[in-house]
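Enquirer: Its first residue numbered 21, the sequence shown is counted upward by one per residue in the working numbering.
By construction, the Cβ of each residue, glycine as well, lies at the ideal position given by its N, Cα and C atoms.
Predicted model only: the values in this text are computed from it and were never measured.
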Amino acid sequence: GLKSLFVLSTHTMHWFQERGYQAGEIEQLPIQRAELYNYQRKSRIFLKTLTEERA
21 GLKSLFVLST HTMHWFQERG YQAGEIEQLP IQRAELYNYQ RKSRIFLKTL
71 TEERA
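(1) On the criterion of 16 or more Cβ atoms from any shown chain inside 10 Å, does Tyr-41 qualify as buried, or is it exposed?
(2) Give me the Cα-Cα distance between Phe-26 and Thr-32, rounded to the nearest whole angstrom.
(3) Assign Ile-51 to one of two classes, buried (16 or more other C-beta atoms within 10 Å of its C-beta) or exposed (fewer than that).
(4) Pull up the distance between the alpha-carbon of Phe-36 and that of Ala-54, whole angstroms please.
(5) If you drop the 5 nearest sequence neighbours on each side, which residues of the same chain put their C-beta closer than 7 Å to that of Ile-46?
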């Protein structure tokens, strides 16, 4: 399954931080996504590690 999520945002940084996302760097993005990163948009990168729920 998924182990982590990433989002790029230009306006809703606080919303993601309130929900457990941590500020990240472009080097932390998957290589294919980092290659497409648009520096002109000045998007902030946020990462969240997912935990496995156990029954």
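Expert: So, to answer that:
(1) Counting the other Cβ atoms within 10 Å of the Cβ of Tyr-41 gives 16 or more, which makes it buried.
(2) Rounded to whole angstroms, Phe-26 to Thr-32 spans 14 Å at the Cα level.
(3) Ile-51 comes out exposed.
(4) Between Phe-36 and Ala-54, the alpha-carbon positions lie close to 20 Å from each other.
(5) For Ile-46, where only same-chain residues beyond five positions count, the Cβ hits under 7 Å are Ala-54, Tyr-57, Ile-65.
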